[in-house]
Amino acid sequence: MNLNLEGVHRYYDLGTPAKVLDNVRLRVNSGGFISVMGPSGSGKTTLLNLIGCLDMPDFGKIFLEQTDVAAASETVREQIRLHHVGFVFQSYNLLPMLTVAENVLLPMQLAGVRKPEQAERCHSLLRLVALERRAHHPVTILSGGQKQRVAIARALANLPGLILADEPTGNLDGTATREVMDVLRSINENQNITTVLVTHDPMVAAYADELYYLENGQLSRSKAP
């Protein structure tokens, strides 16, 4: 999926207007993998929320392929979130009362995927993240790295063209971090899924093809990590 941000501004009213994103421009070609670094509170999560149709800019355009999602109706934005964008969060956001497979199946059920295809796709995704033997286990017994790999499988459930990963290794140790990043990199390369990743970890940022830095509302291309 091609991604293009044109002159994006986002303000928050904290008594006085605070400029979070200031005339941000970004282009990521289909299949690209970029990382975004910057201080805490610099707007990295806001940037992902705007791209993922979870928030709206005050000004500017955000194109996913040919659709300006900043100007789209909420119905269109909802369909984009469900069918075209996969989210990976630092805290996993798995449903603890469900099994591994049930967490992965949930987005397909919401999207109306046929049951035979749900089962086949779920098995394929869990095999992709090396957790097929854990399919019927409760997610509460998994390690942090395993939970994040389940979250990645869930993000891929509806075959998105774009993955947005917000500090996906922030709660993981070094070994689990490498395992999760190897999975994300492999998915990007083998399935041509555009990936935008936010991180504080230079080692994690180094998995990307391009590194950007966000500070004082300004997004700038950095040297190779």
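Under numbering that gives the first Met the number 0, the residues of the sequence shown are numbered 0 to 224, in order.
Quick reminder that beta carbons are idealized off the backbone N, C-alpha and C, glycines included.
Problem set entry | Simplified DSSP assignment, three categories, for M36 | In the displayed model, M36 falls within a strand according to three-state DSSP.
Problem set entry | For P201, the three-state DSSP class (helix, strand or coil) | Correct three-state label for P201: helix.
Exercise. On the three-state DSSP scale, how would you describe S219?
Worked result: Three-state result, S219: strand.
Problem set entry | Cβ-heavy atom distance, L49 to the ligand HEM, below 7 angstroms | Among the components modelled here there is no ligand, and therefore nothing to report on the ligand HEM.
Exercise. Taking the alpha-carbon positions, what's the V179 to F88 distance?
Worked result: Annotation: V179 to F88 spans about 12 angstroms, alpha carbon to alpha carbon.
Problem set entry | Spatial neighbours of H136 in its chain, beta-carbon cut-off 8 angstroms, leaving aside the 5 residues before and after | The answer, listed in chain order, is T98, V99.
For this session: Just confirm the distance between the C-beta atoms of L161 and V84, as a whole number of angstroms; I'd bet it's less than 8 angstroms.
Result: Indeed they touch by this definition, with Cβ atoms about 5 angstroms apart.
Exercise. Can at least three beta-carbon pairs, one atom from the segment 38-58 and one from the segment 16-29, be found at a separation below 8 angstroms?
Worked result: Touching, per the Cβ criterion.
Exercise. Thinking C-alpha only, which one of T168, A156, S123, P115 is nearest Q145?
Worked result: When only C-alpha atoms are compared, the closest one is T168.
For this session: Helix, strand or coil for A17, going by three-state DSSP, please let me know.
Result: A17 carries a strand assignment under DSSP once its states are collapsed to helix, strand and coil.
Exercise. So is G173 buried or exposed if we call it buried at 16+ other beta carbons inside 10 Å?
Worked result: Around the beta carbon of G173, fewer than 16 other beta carbons sit within 10 angstroms, so the residue counts as exposed.
Exercise. Where are the alpha helix (DSSP H) runs, 4 residues long or more, that stay fully inside the segment 100-148, in chain order?
Worked result: Complete alpha helix (DSSP H) runs here, min 4: 114-127.
Exercise. Is the beta carbon of I61 sitting closer than 8 angstroms to the one on V19?
Worked result: No, the Cβ-Cβ distance between I61 and V19 is not below 8 angstroms.
Exercise. Which ranges would you report for the alpha helix (DSSP H) in the segment 38-72 if only whole runs of at least 4 residues count?
Worked result: Listed in chain order, they are 43-50.
Exercise. Hey, T193 and G30 are a contact pair by Cβ (cut 8 angstroms); roughly how many whole angstroms apart?
Worked result: That pair is a contact at about 6 angstroms.
Exercise. CB-CB under 7 angstroms to D200, same chain, minus the five flanking residues each way: which ones, in chain order?
Worked result: Non-local C-beta neighbours of D200 in its own chain, meaning closer than 7 angstroms and more than five positions away in sequence, comprise T168, ordered along the chain.
Exercise. I think M0 touches L53, with their Cβ atoms under 8 angstroms apart; what is that distance to the nearest whole Å?
Worked result: Between M0 and L53 a beta carbon distance of about 17 angstroms is seen, past the 8 angstroms cut, so the two are scored as non-contacting.
Problem set entry | Member of S221, R220, G216 whose CA lies at the smallest distance from the CA of R9 | Checking every option, the nearest Cα to that of R9 belongs to G216.
Exercise. Mapping DSSP to helix, strand and coil, what is E214?
Worked result: The answer is strand: DSSP assigns E214 an E or B state.
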